[in-house]
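As numbered in our numbering, residues 31 to 206 make up the sequence shown, in order.
The beta-carbon is built from N, C-alpha and C at its ideal position, and this holds for glycine as well.
Please read all numbers here as calculations on a predicted model, not as lab measurements.
Here is the structure we will look at.
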Amino acid sequence: MIYLKIFWAFFVPGILGYGGGPASIPLIENEVVDEYGWMTVNEFSEVLAIGNALPGPVATKMAGYIGYTQGGVLGAAVGVFATVAPSLMLMLGLLSLLMKYKESPRVKRLTIVVRPVIAVLLGVMTYDFFLSSYEDVGAFQTILIGGISYLLMEKLKVHPAYVISGALIYGALVLA
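The following block contains the structure:
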């Protein structure tokens with residue numbers, strides 16, 4: 031039964047997450063944290079941070095890790111397959127249709143409408159992460175890490191992987 035739950039936890043966000051990995055992350059969080067209770071918001075944010083620091087698509091890395099924690103190697107395989115299955119089905123089944131209508135005004139309007147929805151979902155997820163961090167480590171640490179991260183990435187153009195790694199090290203040494 032756990033393998034079916036793992037499959038649905040990653041298949042549904044794969045279908046509904048129009049726009050790729052970043053668009054499906056809030057949907058995965060909903061399934062993993064709220065629906066099945068496999069992780070807390072804080073644990074999910076840590077997995078997301080590690081997944082973002084590694085090369086490759088973040089959704090598949092998260093699916094592999096979460097699937098592994100819940101169902102071992104087979105759970106990881108089920109999670110990764112469930113993440114890529116919707117795209118695989120769409121590519122195989124709808125490629126000719128997509129190529130035929132890619133310049134359609136309706137398709138372009140759909141994209142224009144969906145992008146703000148994705149932005150709102152990402153904003154809600156960011157707020158949840160901030161609130162969880164605020165509650166777990168306090169306002170000073172949350173603002174300190176957020177402020178330094180902002181300065182490093184936006185002003186000094188440090189790659190996000192280094193900033194995430196630094197924040198993880200800081201958290202392990204100072205906040206543990």
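Taking Glu65 as the reference, give the member of Gly44, Leu84, Ala93 and Lys35 with the closest Cα. Lys35
Which value, in whole angstroms, describes the spacing of the CA atoms of Gln100 and Ile173? 33 Å
Suppose the cutoff is 6 Å on Cβ atoms and the five residues either side in sequence are ignored; what does the same chain contact list for Ile175 look like? Ala197
contact_flag[the segment 67-75, the segment 150-168] where n(CB pairs < 8 Å) is 3 or more: yes
Could you give the residue range of the alpha helix (DSSP H) that holds Asp166? Pro135 to Val167
Buried or exposed for Met121, going by 16 or more other Cβ atoms inside 10 Å? exposed
Classify Phe37: buried if its beta carbon has 16 or more other beta carbons within 10 angstroms, exposed otherwise. buried
In chain order, what residues of the same chain have a beta carbon less than 7 Å from the beta carbon of Val62, not counting five sequence neighbours either side? Annotation for Val62: Ala39, Trp68, Met69, Phe74 and Ile96 place their beta carbon closer than 7 Å to its own, counting only its chain and skipping 5 residues before and after.
Go to Lys35, then tell me how far its alpha helix (DSSP H) extends in each direction, as first and last residue. Ile32 to Leu46
Tell me whether the beta-carbon of Ala93 lies closer than 8 Å to the beta-carbon of Ala79. No, these two residues do not count as a Cβ contact at 8 Å.
I'd like the list of long-range same chain contacts for Tyr98, defined as Cβ closer than 8 Å, with 5 residues on each side in sequence excluded. Gly105, Ala106 and Gly109
Quick check for students: name the residue ranges of the alpha helix (DSSP H) that lie wholly in the segment 55-128, counting only runs of 4 or more. Fully enclosed alpha helix (DSSP H) runs of 4 or longer: 71-83.
Quick check on DSSP: helix, strand or coil for Val188? coil
Compare the C-beta of Tyr66 with all C-beta atoms of chain B and state if any pair is closer than 8 Å. The structure shown contains no chain B, having only a single protein chain.
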